[in-house]
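Numbered continuously in full-length UniProt numbering, the sequence shown closes out at residue 322.
For glycine and all other residues, C-beta sits at the position ideal for the given N, C-alpha and C.
Notes for the one structure printed next.
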Amino acid sequence: MKVATRLIAGLLVGAALTVAASVNSFAGDKQITLGFSQVGAESAWRTANTVSVKTSAKDAGINLKFSDAQQKQENQIKAIRSFIAQKVDVIAFSPVVESGWEPVLTEAKNAKIPVILTDRSIDVKDTSLYVTMIGSDFLEEGRRAGRWLEERYKNEAGPINIAELQGTVGSAPANDRHAGLMEVIKNDPKFKIIASQSGDFTLAGGKQVMEAFAKTYGKQINVVYAHNDDMALGAIQAMEEAGIKPGKDVSVVSFDATKGGFEAMIAGKINVDVECSPLLGPQLMTAVKDVVAGKQLPKRIVTNETVFPMSVAAQILPQRKY
Ligand code: AHR
1 MKVATRLIAG
11 LLVGAALTVA
21 ASVNSFAGDK
31 QITLGFSQVG
41 AESAWRTANT
51 VSVKTSAKDA
61 GINLKFSDAQ
71 QKQENQIKAI
81 RSFIAQKVDV
91 IAFSPVVESG
101 WEPVLTEAKN
111 AKIPVILTDR
121 SIDVKDTSLY
131 VTMIGSDFLE
141 EGRRAGRWLE
151 ERYKNEAGPI
161 NIAELQGTVG
171 SAPANDRHAG
181 LMEVIKNDPK
191 FKIIASQSGD
201 FTLAGGKQVM
211 EAFAKTYGKQ
221 INVVYAHNDD
231 MALGAIQAME
241 EAGIKPGKDV
251 SVVSFDATKG
261 GFEAMIAGKI
271 NVDVECSPLL
281 GPQLMTAVKD
291 VVAGKQLPKR
301 IVTNETVFPM
311 SVAAQILPQR
321 KY
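Below is the structure:
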């Protein structure tokens, strides 16, 4: 009886090990190792993105070496150098800022380690320094917000004064969300950006900058253009403390469309939220496996996204995943 029990237990363990091994992804005869350098933990978006990357790596059987850069480029450069030293199979990262990547990416190229960009793009002359870029079109997001503003104020003479809460200085989403808006409003002189400052994509940063804007411009502000939900939520707190009604006295335009953003729309405090999906993990893991298998990847993989006005928020919120 004891022998039979042990035999069955042994068979079960063996079967479990076989299943575990069969879901792993391989580079030659060893499991694929991916080094991933994350921006930080500055926003709800980022937290959801980290969960997506970690969960998808596990599901794909990829050995993930995860490093948090705490919003500092020098930390990302260190992490990438350490991945190179560890001879990982693939490096992926979400760059804090757009510029300054040539030296470290040349080191990765010389070490023959493919690099995948995810979420944020970089500004390099030699695009062979990375294989592909997976993520949102931030410029189009900015245009979408601009078009919403044009429609909202089409019957008003203006001036329509915009206070802009920028994301991290030099980052792709901050650069492009600003540029996309400008592209749409530049020919309409009634729109004026009267103040623009970085809140670094954080709630505390958004609140602090908005407190200063409210003191200087008060009721002159018609629109708060926040580059993400966290800063919009911080700005809402600051406006309320200053006796301004967000969503009513001031139109609040935001990005990401997180659950927090939806709740603020339902409360009537954010007027429109331009979607930016953090759920990039599954696409990233597919790309990692394809690169290791020697497949050719498109240089740009764009995420499918939309725009949510506050009128649809209550209906959509139950389906939101982040
Ligand atoms: O790069 C994506 C941006 O970074 C998101 O809009 C923001 O919330 C995050 O921190």
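May I ask you to check if the CB of residue i is nearer than 7 Å to at least one heavy atom of the ligand AHR?
{"i": "residue 29", "result": "no"}
{"i": "residue 42", "result": "yes"}
{"i": "residue 228", "result": "yes"}
{"i": "residue 95", "result": "no"}
{"i": "residue 46", "result": "yes"}
{"i": "residue 119", "result": "yes"}
{"i": "residue 191", "result": "no"}
{"i": "residue 36", "result": "no"}
{"i": "residue 262", "result": "no"}
{"i": "residue 308", "result": "no"}
{"i": "residue 176", "result": "no"}
{"i": "residue 256", "result": "yes"}
{"i": "residue 341", "result": "What the structure shows of the chain is the stretch from 1 to 322, and residue 341 is not part of that stretch, so it cannot be assessed."}
{"i": "residue 173", "result": "yes"}
{"i": "residue 66", "result": "no"}
{"i": "residue 83", "result": "no"}
{"i": "residue 201", "result": "yes"}
According to DSSP, residue i sits in a beta bridge with which residue or residues?
{"i": "residue 31", "result": "26"}
{"i": "residue 197", "result": "165"}
{"i": "residue 132", "result": "116"}
{"i": "residue 152", "result": "Partner(s): none; residue 152 has no beta bridge."}
{"i": "residue 214", "result": "Residue 214 pairs with nothing; no bridge assigned."}
{"i": "residue 309", "result": "272"}
{"i": "residue 67", "result": "37"}
{"i": "residue 225", "result": "164, 253"}
{"i": "residue 302", "result": "135"}
{"i": "residue 92", "result": "36, 116"}
{"i": "residue 83", "result": "According to DSSP, residue 83 bridges with nothing at all."}
{"i": "residue 192", "result": "161"}
Check your understanding: Does the segment 102 to 111 come close enough to the segment 119 to 130 to have 3 or more Cβ pairs within less than 8 Å?
Key -> yes
Review point. Taking one C-beta from the segment 67 to 74 and one from the segment 139 to 155 each time, how about it: are there three or more such pairs within less than 8 Å?
Key: no
**Study point:** 4 or more residues per run - each alpha helix (DSSP H) lying fully within the segment 240 to 297
**Key:** 259 to 266, 281 to 292
Review point. Taking one C-beta from the segment 50 to 59 and one from the segment 273 to 281 each time, how about it: are there three or more such pairs within less than 8 Å?
Key: yes
**Study point:** contact_flag[the segment 154 to 164, the segment 210 to 222] where n(CB pairs < 8 Å) is 3 or more
**Key:** yes
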